[in-house]
Amino acid sequence: RITYINLTQRDPELVRTVDAWFAAAAAGSPDGAIRLSPPPMFAPFRLGDLTVPNRVVIAAGADLEAAAGTGAGLIVTELISVTEDGRITPETPVFDRQHQDALRPAVERVHRAGSRVALQLGHAGRRGSMRPRSKGVDRPLGQGGWRLIAASPIAYTPHAALPREMTHRDMVHIATVSAAAARAAAGCGFDALELNFAHGYLLAGFISPLTNRRGDEYGGSLENRMRFPLEVVDAVRAIWERPLLVRISASDWIPGGLDLDEAVEVAALLKTHGCDLVHPVMGQTVWESRPDYRRLFGVPASDRIRNEVGIATLASGNVTTADDVNTILAAGRADLCRLELS
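Be aware that the sequence shown starts at 146, since it is given in the numbering used here, and climbs by one per residue.
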């Protein structure tokens, strides 16, 4: 396999030329007229009105400030729920006033460290009311659980609680609280939002034919299955003027589920509704899926979506080295890369 670092040894002049071209394109300089040509991962990226200082993205855990010390250009928070009943586990934070007050100084410190930060918002849907991950993945709570909602009344696992099928009133509520969260995020100083439409959570449940069995205008064709997710995007976009990212499932990793061809269509629809960047991920829509966590497993989806739809993408999936990041970026397969830290 030929990678960026291989080419620095095989053909250093080619690498210098590519670095100069990439840096010039990132800076908007004509004909490569730029003095400093760093490797692609250190080139800034313009996302709407936001300049991300480099192309590396880090997923933050519960400690947002700890991720700031990595030097990543963009830090994305853990998933934060828009409602109490949208939590994955009892430990999942809710974007309420108390949490907003706690995040505001953390965001300021991340900015002082030179990074940008995105708030990841979502709703667990039928994957909610689970035990903390330290006690096993997707193990339902016994006592202390809460009622679930989903696109259709299908439990996530044979032992999970059965969700209630969402009504139109439920949908209006979720869109409304998502927009309210966007307004609060601006007040906290977040630079970008990432809406989670993946991993089998609430919005992903509408998009996949495996989990959306509705007989109304929100089920059936891809256009119908995207109707509610796009209503959420529209509600958020009406409030949020900063960069909007959407994480989508590019494959359900099971026959009959969403595949990459449909994911390209999903990305195209998101683009027409004001999405600035798509973050394609894989699997977890249904518990029976068969994962394929090979090296750089999410990059082909990022490549197709970026180059067929004409929208910026964030590549992830066992991206573990600077060489991985530089190779992906220089090949035009993504605009940003999420680096996995061991």
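C-beta atoms are modelled at their ideal positions from N, C-alpha and C, and glycine is treated no differently. All values reported here derive from a predicted model rather than from experimental measurement.
According to DSSP, simplified to helix, strand and coil, what is residue i?
i: F335; result: coil
i: G350; result: helix
i: S323; result: helix
i: M186; result: helix
i: T148; result: coil
i: V317; result: helix
i: L286; result: coil
i: R449; result: helix
i: T458; result: strand
i: A395; result: strand
i: R292; result: coil
i: R278; result: helix
i: R309; result: strand
Would you give the residue range spanned by the alpha helix (DSSP H) that residue i belongs to?
i: A408; result: 405–417
i: R254; result: 242–257
i: E158; result: 157–172
i: V470; result: 467–475
Out of the options, which one is the CA nearest neighbour of residue i?
i: V426; options: L474, P388, V262, G345; result: G345
i: L459; options: W432, L347, R478, D468; result: R478
i: S353; options: G443, A329, A205, D406; result: D406
i: F240; options: D379, S323, Q288, D315; result: S323
i: A306; options: S366, R271, G419; result: R271
i: L266; options: G365, T321, E223, G281; result: E223
i: R451; options: T234, L159, L481; result: L481
i: A300; options: D469, P157, D164, V431; result: V431
i: G443; options: E453, V454, V464, E433; result: V464
i: L264; options: A329, Q243, A258, E310; result: A329
i: D315; options: D230, C420, D379, D469; result: D230
i: A217; options: D379, V423, H256, L403; result: H256
i: P238; options: L248, D246, I225, R249; result: I225
i: Y438; options: S447, G462, E453; result: G462
i: F342; options: Y149, S366, V378; result: V378
i: F167; options: A457, L486, I150, L474; result: L474
i: H424; options: E339, N151, G455; result: E339
i: W291; options: T312, G332, Y363, T234; result: T234
i: D164; options: R449, R440, Y363, L181; result: L181
i: T321; options: R359, E376, R249, P303; result: E376
i: D336; options: V262, G360, A326, H304; result: V262
i: Q245; options: A258, Q154, A325; result: A325
i: A331; options: G193, R278, F351, P388; result: P388
i: A251; options: L441, D194, L209, D421; result: L209
i: F373; options: W385, R359, I384; result: R359
i: L422; options: V411, D156, L192; result: L192
i: I384; options: G419, A408, E368, H304; result: G419
Residue i and residue j look like a contact to me (Cβ under 8 Å); what is the Cβ gap, rounded to whole Å?
i: I399; j: R435; result: 7 Å
i: I319; j: V227; result: 7 Å
i: P185; j: N471; result: 5 Å
i: I294; j: R309; result: 5 Å
i: S396; j: N357; result: That pair is no contact at about 16 Å.
i: R232; j: G273; result: 6 Å
i: G402; j: L355; result: 5 Å
i: A171; j: P189; result: 6 Å
i: V202; j: R483; result: 4 Å
i: A213; j: S279; result: Not a contact, Cβ separation roughly 25 Å.
i: A408; j: A446; result: 6 Å
Just curious, the beta strand (DSSP E) that residue i is in, first and last residue?
i: F190; result: 190–192
i: Q265; result: 261–267
i: R483; result: 481–483
i: E223; result: 219–226
i: A211; result: A211 -> not in any beta strand (DSSP E); alpha helix (DSSP H) instead, spanning 209–213.
i: T234; result: That residue, T234, is in no beta strand (DSSP E); it is neither H nor E in DSSP.
i: A205; result: Segment: none, A205 is in no beta strand (DSSP E) and carries neither H nor E.
i: L195; result: 195–197
Return yes when at least one heavy atom of the ligand SAM lies under 7 Å from the C-beta of residue i, else no.
i: L486; result: Because no ligand of any kind appears in the structure shown, any question about the ligand SAM cannot be addressed here.
- Entirely within the segment 358–393 and at least 4 residues each: give me those alpha helix (DSSP H) ranges in chain order. Listed in chain order, they are 367–370, 372–382.
- Item | Runs of beta strand (DSSP E) wholly within the segment 421–445 (minimum 3 residues, chain order) | Within the segment 421–445, the complete beta strand (DSSP E) runs of at least 3 residues are 422–427.
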